[in-house]
Every structure is written in structure tokens, then in C-alpha cells.
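Report on the structure given below.
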Amino acid sequence: MSRARPLWAVIPAAGAGERFGGDVPKQYLPLLGRTVLEWAIRPIQTRADVAGIVVVIAAADEYWPGICLSSGRIQAVHGGPQRADSVLAGLDALSGKADARDWVLVHDAARPCLTDEDLDRLVETAAETCGGLLAAPVQDTLKAADNGSVARTVEREGLWRALTPQMFRIGELASALHRAKTSGFLATDEAAAMERMGHRPRIVPGRADNIKITRPEDLALAEFIISQSGVA
Ligand code: CTP
Ligand code: MG
Numbered sequence: 119m120s121r122a123r124p125l126w127a128v129i130p131a132a133g134a135g136e137r138f139g140g141d142v143p144k145q146y147l148p149l150l151g152r153t154v155l156e157w158a159i160r161p162i163q164t165r166a167d168v169a170g171i172v173v174v175i176a177a178a179d180e181y182w183p184g185i186c187l188s189s190g191r192i193q194a195v196h197g198g199p200q201r202a203d204s205v206l207a208g209l210d211a212l213s214g215k216a217d218a219r220d221w222v223l224v225h226d227a228a229r230p231c232l233t234d235e236d237l238d239r240l241v242e243t244a245a246e247t248c249g250g251l252l253a254a255p256v257q258d259t260l261k262a263a264d265n266g267s268v269a270r271t272v273e274r275e276g277l278w279r280a281l282t283p284q285m286f287r288i289g290e291l292a293s294a295l296h297r298a299k300t301s302g303f304l305a306t307d308e309a310a311a312m313e314r315m316g317h318r319p320r321i322v323p324g325r326a327d328n329i330k331i332t333r334p335e336d337l338a339l340a341e342f343i344i345s346q347s348g349v350a
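The following block contains the structure:
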């Protein structure tokens, strides 16, 4: 099946970056001549088939006006206290122009290393089912700990790290996130909310170096990954 409906994007960029620390939120830090946020949007913005992009920023954001993303397709709205609230605000902003059956890519502003190839594969594959997400297989042996000691080893076979972008139909995702919120379930990604509604999002294998900038050491790693990729 091919993707018959239009494609949109929501970029949650309203986080405070507490684990990263510092004065400037991590999505606005410089990385190879652009901000982390601009790198994250790049592969989505360069696609001609994305009808519009909503960047979700914090209400007190003072950095967004300094970003120069020259495109009439990009709009900014204010997010909420949790990532899921910010994604909902982004979906809400799309509801006026998009159809509930249209597809939406949700991609963290803190993931600047997404490749065009991974995005292509997600867009092609996710529309064959209820939607899907980029994910990378877990490589390390996993330990469950109890008071600082190993309680047991967790079988890593079949375990994946959920990345972004994740792609779902706007209406189904909005209702899944609303349901999660009203029942007090904290959905840390879109797929978690969809799973709760009985959907089985497609795992689309992606590059392990589609990292999320979380701690200061991740920035140098992202710089290396992007410079090696040839897009810089
Ligand atoms: N995000 C958001 N709204 C929130 C929280 C997070 O839009 N209320 C966004 C972040 O800006 C980021 C993405 O969701 O692009 C992934 O979140 P995370 O890496 O956890 O970023 P922060 O929440 O900013 O970092 P921390 O958890 O360390 O505070
Ligand atoms: Mg967070």
C-alpha cells in the first residue's frame, strides 16, 4: 500500500534540557554552524512531500525568533509540561488544515543526526500499517538492578530502542495521546500511546547513531556523526 494521504510534521522543541544543563536549551546550541533544532528539521524540511511543519516551543522561549528557517511551511506553537502535551499542542495546530486521516511525523528537536535514508524508509514502511517508528536493536547486555547490585540479566533478544521520527495518522495519534493523558498514563513516545489503544506500530530498523542529545558529551558525538555523514 502506498501513502495516499498528505504528510505533516510536528517537532517537539519545548523541553528545558534539565539533564543537559547550561543556560541555553540544548535544541538551540550551535552544532556545525547551525542549531541542533535546525539540524533536526533539515531532513524533514527538504522533503517536498511534507505539507507543513509545526515546531512546538516553550511559552518562555526567547531563542526561536533568532532562528532563520525561511519557509512558509513552518509554524511555531507553544507546548506543555510533558513531551506528550507538546506533541498534542502540535497536532492541535494541524487540525485546522490537515485531515484526521493524514499522516504526521513526530521528530524530537534534540535528534540532529537523522539521515534522509532512514526517513525515507520510515515514510515508505509506516504507511503500510497503522504507523511505525525508527528503532535500533539493543546491543548491550541488560541488567535489572536492585539497590546497586544486579538482580537479574534481562534477555535482550527482541528489544529495541525507540527513536524518532515516529509516524502515525493525525486523528488516531491525537486520540491515543488524549486517552493516555486523561487516564494518567505518561506516554514518553507516540508509539506507547498507540500501543495502549491496541495498535501494533511497525518497527522500522534505523541507524543507531540517530542519537538524542541528552547530556553534554552527546553534542561532540553528534558533531562527529554529522561531519562523517557528508551532509554538513
Ligand atoms: N519536549 C517538549 N516538551 C516538553 C518536554 C520535552 O517538546 N515538555 C521535547 C524536547 O525539547 C526534545 C524532545 O521533546 O526535543 C525529547 O525530550 P528530552 O530529550 O527529554 O528533552 P528535555 O525534556 O528538554 O530534556 P530533559 O528531560 O533532560 O529535561
Ligand atoms: Mg525530557
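For the numbering used here, add 118 to where a residue sits in the sequence shown, where the first one is 1. In this text, a Cβ means the ideal position worked out from N, Cα and C, and glycines have one as well. Here the structure is a predicted model, which means the values were calculated and not measured.
> If you drop the 5 nearest sequence neighbours on each side, which residues of the same chain put their C-beta closer than 6 Å to that of Ala292?
Replying inline: So the list reads Leu209, once near-sequence residues are dropped.
>> For Ala262, which residues in the same chain have their Cβ closer than 6 Å to its Cβ, ignoring the five residues on either side in sequence?
In response: The residues are Ala269, Arg270 and Val272.
> Gly250 lies in the alpha helix (DSSP H); which residues open and close that run?
Replying inline: Segment Gly249 to Pro255 is the beta strand (DSSP E) holding Gly250; no alpha helix (DSSP H) there.
> Can the beta-carbon of Ile175 be found closer than 8 Å to that of Gly197?
Replying inline: Closer than 8 Å, so yes.
> Where do the N-terminal and C-terminal ends of the alpha helix (DSSP H) with Gln346 fall, by residue?
Replying inline: Here the alpha helix (DSSP H) through Gln346 covers Glu335 to Ser347.
> Could you give the C-beta distance for Val222 and Ala311, rounded to a whole number, given that I count them as a contact under 8 Å?
Replying inline: The beta-carbon distance between Val222 and Ala311, rounded to whole angstroms, is 13 Å. This is too long to meet the 8 Å contact definition.
> Does the beta-carbon of Glu156 have 16 or more other beta-carbons within 10 angstroms, so that it is buried, or is it exposed?
Replying inline: The residue is buried, with at least 16 neighbouring Cβ atoms inside 10 Å.
> Out of curiosity, what's the CA-to-CA distance linking Cys186 and Gly135?
Replying inline: Roughly 22 Å separates the two Cα atoms.
>> Would Val168 and Val195 be called neighbours here (beta carbons separated by less than 8 Å)?
In response: No, the pair does not count as a contact, with Cβ atoms beyond the cut-off.
> Can you name, in chain order, every residue of its own chain whose Cβ lies under 8 Å from the Cβ of Pro334, other than the five neighbours on each side?
Replying inline: Excluding residues within five positions, the ones whose Cβ falls inside 8 Å are Phe138, Gly139 and Gly140.
> Sorted by chain position, which residues of the same chain lie with C-beta nearer than 8 Å to Ile288's C-beta, five sequence neighbours on each side aside?
Replying inline: Sequence-distant Cβ neighbours of Ile288 in its own chain, meaning closer than 8 Å and more than five residues away, are Trp126, Leu209, Leu212, Ser213, Ala216, Asp217, Ala218, Arg219, Asp220, Trp221 and Val222.
>> Is Gly316 close to the ligand MG? I mean its beta-carbon at under 7 Å from any heavy atom of the ligand.
In response: Taken from the Cβ of Gly316, every heavy atom of the ligand MG lies 7 Å or farther away.
> In the DSSP assignment, what residue or residues form a beta bridge with Phe138?
Replying inline: According to the DSSP secondary-structure assignment, Phe138 is paired through a beta bridge with no residue.
> What residues match up with His196 in a beta bridge as DSSP calls it?
Replying inline: When DSSP reads this structure, His196 sits in a beta bridge with Ile175.
>> When you measure from the CB of Asp217 to every non-hydrogen atom of the ligand CTP, does any distance come out below 7 Å?
In response: The answer is no for Asp217.
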